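I have placed the structure first, in the form of structure tokens, so that the comments after it can refer back to it.
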Amino acid sequence: MRYLLDANVFMAANNLHYGLDFCPAFWDWLIDRNQAGQVFSIDKVKDEIEAGDDELAEWAKAQDERFFLKPDSGIFTAMGQVTNWVNDNGYTPDAKNTFFQVADYWLIAHALTGDFVVVTHERPADTLNKVKIPNVCVGVGLKVMTPFEMLRHERARFVLERSA
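All residue numbers for the sequence shown refer to our numbering, where the first residue is 4 and numbers rise by one.
So this is what it looks like as structure tokens:
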């Protein structure tokens, strides 16, 4: 499987579970899996991360363009598909306007063009006031999972070094 990570995966990992300062294995795993052609994100997510102007932003800046993908020519067709789904599902004008201006919209379109599984901490919700990534993914036929599900599926292991 190939995975496309939402900004909240990076932010929550750094702020909660896998801080850059105490769990470098998580970040090394992401880079290793990226180099193996399996884990990616998009340039719009990188922009959101860099807006934080912190250690995570520095980490994102250090990654090359193979990690944070730029859109290709097929993205506009995929964006049309995502737009149609959102417009056809009763969301409020404010919810749609917000969604079409944030990285989530681009993330889902990228996933459609590259046959990725979308990885996010967002949970589906039956609300018309906010367009949620999992709802759109299911609606357009994409698989979506949490970062923990991805790590378990890939059998990632972060094992402490043993001292002699």
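Where is the CB? At the ideal position from N, CA and C, for every residue including glycine. Quick caveat: nothing in here was measured; it's all calculated off a predicted structure.
For residue i, the first and last residue of its enclosing alpha helix (DSSP H)
| i | result |
| --- | --- |
| Leu59 | 58–65 |
| Leu154 | 150–156 |
| Val12 | 10–15 |
Simplified DSSP assignment, three categories, for residue i
| i | result |
| --- | --- |
| Val141 | helix |
| Val147 | strand |
| Val48 | helix |
| Leu131 | coil |
| Leu110 | helix |
| Leu115 | helix |
Cβ neighbour criterion (16 or more within 10 Å) applied to residue i
| i | result |
| --- | --- |
| Ser44 | buried |
| Ala39 | exposed |
| Asn100 | exposed |
| Pro150 | buried |
| Lys4 | According to the sequence as given, residue 4 is Met; it is not Lys. Looking at its Cβ environment, which holds fewer than 16 other Cβ atoms inside 10 Å, Met4 is exposed. |
| Leu7 | buried |
| Thr123 | buried |
| Phe2 | Any property of residue 2 remains undetermined from this structure, which presents the chain solely from 4 to 167. |
| Asp56 | exposed |
| His113 | buried |
| Ala63 | buried |
| Phe79 | exposed |
| Asn92 | exposed |
Boundaries of the beta strand (DSSP E) in which residue i is found, first to last residue
| i | result |
| --- | --- |
| Val121 | 120–122 |
Could you tell me whether the stretch 42–60 touches the stretch 76–88, where touching means 3 or more Cβ pairs closer than 8 Å?
no
Write down every uninterrupted run of the alpha helix (DSSP H) in the stretch 17–44 whose length is 4 residues or greater and which is fully enclosed by it, in chain order.
27–38
Alpha helix (DSSP H) segments (min. 4 residues) lying fully within the stretch 69–107
78–90, 96–102
If we count Cβ pairs, one from each stretch, closer than 8 Å, do we get three or more for the stretch 64–80 versus the stretch 14–32?
no
Do the stretch 15–26 and the stretch 113–120 touch if we need at least three Cβ pairs shorter than 8 Å?
no
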